[in-house]
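Written below as structure tokens is the structure these notes are about.
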Amino acid sequence: MTPSSYLSLFLTISVIFFSHAIPAKSSPKLYQSVCKESRHKDFEQRCLKTLEAYPQITSTEDYLTFSRLYLKIVAIKNAGKAQHQVKEMKNKYPSSGVIKYCAESYSGAVNELKDAFSEEDPDLIIMSVQYAYYAIGACEHVLAQEKSVNTSSIYALNNEIMFLSDIACIASRHV
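Okay, here's the thing in structure tokens:
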């Protein structure tokens, strides 16, 4: 073997060795990217805390799988619980038109999230998630009209479901 062959072999081995020895810069996981996209104050940390409770969601590598899992495991489940609580308030205060309106809004929001979960068309997924968000926003808007019933628990539910819908909106934009 000629000296230049030894040198070529040495350089090749060195390049291989060093390319494995230098750690690659890891890119953020998909769920971390979703959480970074919102411009709302404190959204990123709240989003990360929410999603990190679900390893099957945080381990996804594509937006469609992320969106479907997130809708099924987090958004629909929590919106359904909130819907139940608002319905209980509606039954407790049957004369409140505002609470009745919010109960109907929650029913619509849950249906829209379920539609988004089963939808194949990315544009319709986004639209359904946005409709769910708007339904809760409409409830939020009319709550100020309620004067005889303490609606603070509904405000809290609205805040949570709108936050969860924000995550779904962000992810579904990439589907």
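Numbering (mature numbering (1 follows the signal peptide of the UniProt record, and there is no 0)), first residue to last: -21 to -1, 1 to 154. Each residue gets a CB set at the ideal place from its N, CA and C atoms; glycine is no exception. Keep in mind that this is a model prediction, so the values were computed, not measured.
| query | result |
| --- | --- |
| Determine the direct distance from the alpha carbon of residue 86 to that of residue 3, and round the result to whole angstroms. | Because the pLDDT of residue 3 is 46, which lies under 50, any placement of that residue in the model is unreliable, and the question is left without a value. |
| Could you tell me whether the Cβ atoms of residue 82 and residue 69 are closer together than 9 Å? | yes |
| Decide if the segment 107 to 126 is in contact with the segment 142 to 150; the criterion is three or more beta carbon pairs, one per stretch, under 8 Å apart. | yes |
| Does DSSP put residue 53 in a helix, in a strand, or in coil? | helix |
| Mind checking whether residue 17 and residue 149 have CB atoms under 9 Å apart? | yes |
| Give me, in chain order, the residues of the same chain whose beta-carbon lies closer than 7 Å to that of residue 136; leave out the 5 immediate sequence neighbours on both sides. | 61, 64 and 65 |
| Please confirm whether residue 111 and residue 89 have their CB atoms less than 9 Å apart. | yes |
| Name the two residues that bound the continuous alpha helix (DSSP H) containing residue 101. | 101 to 122 |
| Grouping DSSP H, G and I as helix and E and B as strand, with all else coil, what is residue 131? | helix |
| What are the start and end residues of each continuous alpha helix (DSSP H) run of 4 or more residues lying completely inside the segment 9 to 78, in chain order? | 9 to 15, 22 to 30, 34 to 37, 42 to 49 and 55 to 71 |
| Helix or strand or just coil, what does DSSP make of residue 125? | coil |
| Skipping 5 residues on each side, what residues in its chain have a beta carbon closer than 7 Å to that of residue 156? | Nothing can be reported for residue 156: it is not among the residues displayed for the chain, which extend from -21 to 154. |
| Give me the Cβ distance between residue 107 and residue 99, rounded to the nearest whole Å; I'm assuming they're in contact under 8 Å. | No, residue 107 and residue 99 are not in contact; Cβ-Cβ is about 12 Å, not under 8 Å. |
| Pick helix, strand or coil for residue 91, following the three-state DSSP scheme. | helix |
| Using the C-alpha atoms, what's the distance from residue 123 back to residue 79? | 14 Å |
| Can you give the beta carbon distance from residue 92 to residue 42, rounded, assuming they're within the 8 Å contact cut? | That belief does not hold up - the Cβ atoms of residue 92 and residue 42 are roughly 17 Å apart, past 8 Å. |
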